[in-house]
Amino acid sequence: MKPCENKTYYAMALDPIHVGTGGYRLGRVDLSIVREPGTNLPKIPGTSLSGVARACMAMATGRYNWNKDGKKGSCAGQGQGGEGGEGHCGSPYCPVCVAFGFARGDSGGFQGLAQFADARILFFPVHSMIGPVWVTSQSVLREHGIEETVSPDKVRLASGLSVPDNRLNLGWLMLETRGDSISLDGNLTDVPTEVKSHAVIVSDKLFSHIVNSNLEVRTSVSIDPATGAAEQGALFTYEAIPRGTVLWFPVTYSDPKFYRIYYNGGPVEPEPHEGAKKDNDTGKLSVRQAVEKGLALFKDLGIGGMNTRGMGRLKFLNLDPVTTVSEEAGGDT
Numbered sequence: 002m003k004p005c006e007n008k009t010y011y012a013m014a015l016d017p018i019h020v021g022t023g024g025y026r027l028g029r030v031d032l033s034i035v036r037e038p039g040t041n042l043p044k045i046p047g048t049s050l051s052g053v054a055r056a057c058m059a060m061a062t063g064r065y066n067w068n069k070d071g072k073k074g075s076c077a078g079q080g081q082g083g084e085g086g087e088g089h090c091g092s093p094y095c096p097v098c099v100a101f102g103f104a105r106g107d108s109g110g111f112q113g114l115a116q117f118a119d120a121r122i123l124f125f126p127v128h129s130m131i132g133p134v135w136v137t138s139q140s141v142l143r144e145h146g147i148e149e150t151v152s153p154d155k156v157r158l159a160s161g162l163s164v165p166d167n168r169l170n171l172g173w174l175m176l177e178t179r180g181d182s183i184s185l186d187g188n189l190t191d192v193p194t195e196v197k198s199h200a201v202i203v204s205d206k207l208f209s210h211i212v213n214s215n216l217e218v219r220t221s222v223s224i225d226p227a228t229g230a231a232e233q234g235a236l237f238t239y240e241a242i243p244r245g246t247v248l249w250f251p252v253t254y255s256d257p258k259f260y261r262i263y264y265n266g267g268p269v270e271p272e273p274h275e276g277a278k279k280d281n282d283t284g285k286l287s288v289r290q291a292v293e294k295g296l297a298l299f300k301d302l303g304i305g306g307m308n309t310r311g312m313g314r315l316k317f318l319n320l321d322p323v324t325t326v327s328e329e330a331g332g333d334t
């Protein structure tokens with residue numbers, strides 16, 4: 002029996018995605034996005050993925066707001082409640098609390114059985130003279146078991162792509178193409194064929210420059226409600242991961258059999274259920290099934306900031322079939 006299982010998720014941005022750094026800093030934009038310190042590549046932190054997945058799963062299973070035995074609370078969020086409740090239910094049968102953990106103040110807590118890593122860029126869309134292409138690098142492909150090489154200042158094309166004079170522009174950057182093409186057929190089967198057939202590989206040295214030079218940058222302004230005109234000095238710019246970007250990240254799911262939650266006076270093995278726990282175990286979920294109910298809503302509710310300005314939607318490409326949420330879902334068990 003393995004103590005855990007791992008699954009790698011692939012997702013495509015349906016809208017630009019802005020996960021900000023939380024403040025202003027010097028640069029070409031006022032509101033910048035989170036980046037890897039070593040590579041300077043944009044990413045979506047695992048904390049952001051986990052937090053949104055928790056809220057979405059709480060909605061999908063009817064536990065965003067619960068009311069039982071005169072107590073009120075929410076299994077989404079941090080679980081900080083006062084006398085009026087607003088805390089996590091902490092039930093070993095709650096899919097939200099089991100997967101993401103809970104805090105019950107002096108009564109203790111549980112860290113959760115789903116561990117999210119950061120979402121990183123796998124294929125990045127860039128305009129070129131032959132239309133949109135998706136850029137990746139040799140080190141990114143190597144992490145997926147694909148060994149391909151490319152010269153530091155050249156680009157390799159997917160088989161079937163051709164360019165005039167053996168040159169291709171990636172945004173403003175013109176590069177010479179290498180003679181031999183690449184084929185990703187049979188690899189990365191969860192990634193759309195349209196993306197793989199228009200893939201180009203660049204060196205790790207160039208990848209960060211190409212990505213950061215082709216991020217989406219938008220300009221906004223605050224409106225004075227009294228005049229209906231722009232406020233003085235209220236112009237600001239912000240950047241985002243563009244629509245069409247393919248990202249990937251692994252999630253580790255721990256086996257509930259190795260853990261116990263203190264509940265109703267004793268230790269209980271976590272056993273997440275879609276609705277109220279029944280003797281016949283109908284509606285029982287694995288931790289992965291529970292989490293994927295939340296991930297499935299990213300394509301509608303989105304992640305990050307500026308959701309009301311056309312940003313944030315993210316579609317997962319390799320979710321398991323999700324069952325319909327039970328009408329009885331919700332509340333403690």
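Take any residue in the sequence shown, count from 1 to its spot, add 1: that is its number in our numbering.
Think of the CB as a built atom: it goes at the ideal place given N, C-alpha and C, for glycine as much as any other residue.
I'd like the list of long-range same chain contacts for residue i, defined as Cβ closer than 7 Å, with 5 residues on each side in sequence excluded.
| i | result |
| --- | --- |
| Thr324 | For Thr324, the predicted structure reports a pLDDT of 47, less than 50, and the residue's modelled location is therefore unreliable. A value from the coordinates is still provided. No residues qualify anywhere along the chain. |
| Asn41 | Ser209, Asn213 |
| Phe101 | Ser51, Arg55, Gly113, Ala115 |
| Lys279 | Confidence in Lys279 is poor, its pLDDT being 48 and thus under 50, which makes the residue's placement unreliable; the coordinate value appears in the next sentence. Excluding sequence neighbours, Lys279 sits near nothing in its chain. |
| Lys300 | Leu15, Arg314, Leu315, Lys316 |
| Asp191 | Tyr11, Leu318, Asn319 |
Among the residues of its own chain, which have a CB less than 8 Å from the CB of residue i, if the five just before and after it don't count?
| i | result |
| --- | --- |
| Val222 | Ala231, Glu232, Ala235, Leu236, Phe237 |
| Cys5 | Thr253, Tyr254, Ser255, Asp256 |
| Thr178 | Lys155, Val156, Arg157, Leu158, Val164, Asn167, Arg168, Leu169 |
Taking the alpha helix (DSSP H) that residue i falls in, what are its first and last residues?
| i | result |
| --- | --- |
| Thr194 | 194 to 197 |
| Gly234 | Segment 231 to 241 is the beta strand (DSSP E) holding Gly234; no alpha helix (DSSP H) there. |
| Ala59 | 47 to 61 |
| Leu302 | 299 to 302 |
| Arg244 | Looking at the DSSP string, Arg244 is not in any alpha helix (DSSP H), and its letter there is neither H nor E. |
| Lys294 | 288 to 296 |
Inspect the beta-carbon positions of residue i and residue j and report whether they are closer than 8 Å.
| i | j | result |
| --- | --- | --- |
| Val151 | Ile202 | yes |
| Leu185 | Val156 | no |
| Leu248 | Arg168 | no |
| Asn215 | Gly172 | yes |
| Glu240 | Pro93 | no |
| Phe103 | Gly74 | no |
Tell me, to the nearest whole angstrom, how far the beta carbon of residue i is from that of residue j; I am working on the premise that it is less than 8 Å.
| i | j | result |
| --- | --- | --- |
| Gly303 | Gly313 | 3 Å |
| Ile242 | Val136 | Incorrect: roughly 13 Å between the Cβ atoms, too far for contact. |
| Ala159 | Ser182 | 6 Å |
Along the chain, where does the beta strand (DSSP E) containing residue i start, and where does it finish?
| i | result |
| --- | --- |
| Val97 | Taken as a continuous stretch (DSSP letters only), Val97 belongs to no beta strand (DSSP E), being part of the alpha helix (DSSP H) at 96 to 101. |
| Met175 | 174 to 178 |
| Lys73 | 72 to 74 |
| Arg261 | First-last for Arg261: undefined, no H or E at that position. |
| Gly123 | Gly is not the amino acid found at residue 123; the sequence shown has Leu there. Counting along the chain, the beta strand (DSSP E) containing Leu123 begins and ends at 120 to 127. |
Figure out for me which residue from the options has the closest Cα to the Cα of residue i.
| i | options | result |
| --- | --- | --- |
| His89 | Leu207, Phe125, Ala56, Gly311 | Ala56 |
| Pro38 | Thr22, Ser49, Val53 | Thr22 |
| Leu207 | Arg310, Gly180, Phe125, Gly306 | Phe125 |
| Asp275 | Val30, Ser49, Gly47, Thr62 | Sequence check: residue 275 is Glu here, not Asp. Of Val30, Ser49, Gly47, Thr62, the residue nearest in Cα terms is Thr62. |
| Asp256 | Val99, Gly74, Glu149 | Val99 |
| Pro165 | Asn188, Ser129, His145, Tyr65 | Ser129 |
| Thr48 | Pro193, Trp67, Ala118 | Ala118 |
| Val141 | Ser163, Ser204, Gly80 | Ser204 |
| Arg289 | Asp321, Asn68, Tyr260 | Asp321 |
| Ala77 | Gly229, Asn68, Ala59 | Ala59 |
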